[in-house]
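Chains as they are written, first to last, in the working numbering: chain A, 791 to 900; chain B, 36 to 150. C-beta: ideal position from N, C-alpha, C; glycine also. Since we're looking at a predicted model, the values are computed, not measured.
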Amino acid sequence: EDQVTQSPEALRLQEGESSSLNCSYTVSGLRGLFWYRQDPGKGPEFLFTLYSAGEEKEKERLKATLTKKESFLHITAPKPEDSATYLCAVQASGYNKLIFGAGTRLAVHP
Amino acid sequence: SQTIHQWPATLVQPVGSPLSLECTVEGTSNPNLYWYRQAAGRGLQLLFYSVGIGQISSEVPQNLSASRPQDRQFILSSKKLLLSDSGFYLCAWSDRDRGLLTEAFFGQGTRLTVV
């Protein structure tokens, strides 16, 4: 069964303290892996798409990387405005839909 | 640019009452459309998706149904709500012209509370 697991469930950082979020997946043929940011009470906001192992994407303080079994979202020198839930999703071969993990709730304190 | 509209933002409905949530997309044609539900502390669960007018695929057997009367309109309905239907409902679209491998873009969601 296709599955996406995110860890940790929650992460508390001090402003400027870099860290990484993990997304591990088991799918029958990965077509793409997607990262989203979700603020409380809002819909998810698209961040990145990764297609193949070794690929990296960057946006401001965020960098996403992909291996054959997992993806990492690295947050460098985070700021309080980076506080949100970060969702990972995968698209399996032959499916026109995304399978989501439960997310990591990130809180960055000044 | 493309935009997605979803309403209402919040809804409180009694058990046994009907439901209709509407979603429309602007700035694109022939989108794939999706309804997701998000329970507190859990991931997004795909409920329905549609690749064209009148074409609906159901992912989870439940008390809900979906319809796509127009190319850019997607409606989530129920004849009689259950307490377990409470949750955060999200509509999303993706670009069908880009094939299967494409990101989805979400609306702002509807918080449904069944009392």
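- Contact between ASP106 (chain B) and SER55 (chain B) is absent: CB atoms are separated by about 19 Å, not below the 8 Å threshold.
- Per the Cβ contact rule, the stretch 42-55 of chain B is not in contact with the stretch 66-74 of chain B (fewer than 3 Cβ pairs under 8 Å).
- The criterion of a C-beta distance shorter than 7 Å is satisfied by LEU840 (chain A) and LEU823 (chain A).
- When DSSP assignments are scanned along the stretch 866-896 of chain A, the uninterrupted stretches of beta strand (DSSP E) that are 3 or more residues long and fall wholly within it turn out to be 874-882.
- For PRO49 (chain B), no beta strand (DSSP E) run applies, since DSSP gives it neither H nor E.
- Apart from sequence neighbours up to five positions away, the residues of its chain that approach HIS899 (chain A) with a beta-carbon distance below 8 Å are ARG802, LEU803, GLN804, GLU805, PRO870, ordered along the chain.
- Here the alpha carbons of ALA843 (chain A) and VAL817 (chain A) stand approximately 14 Å from one another.
- Residues of the stretch 840-856 of chain A with a C-beta atom less than 8 Å from some C-beta of chain B are TYR841, listed in chain order.
- Of B:SER119, B:ALA139, B:SER121, B:GLN37, the smallest CA-CA separation from ALA127 (chain B) is found for B:ALA139.
- Annotation: LYS887 (chain A) to PRO868 (chain A) spans about 31 Å, alpha carbon to alpha carbon.
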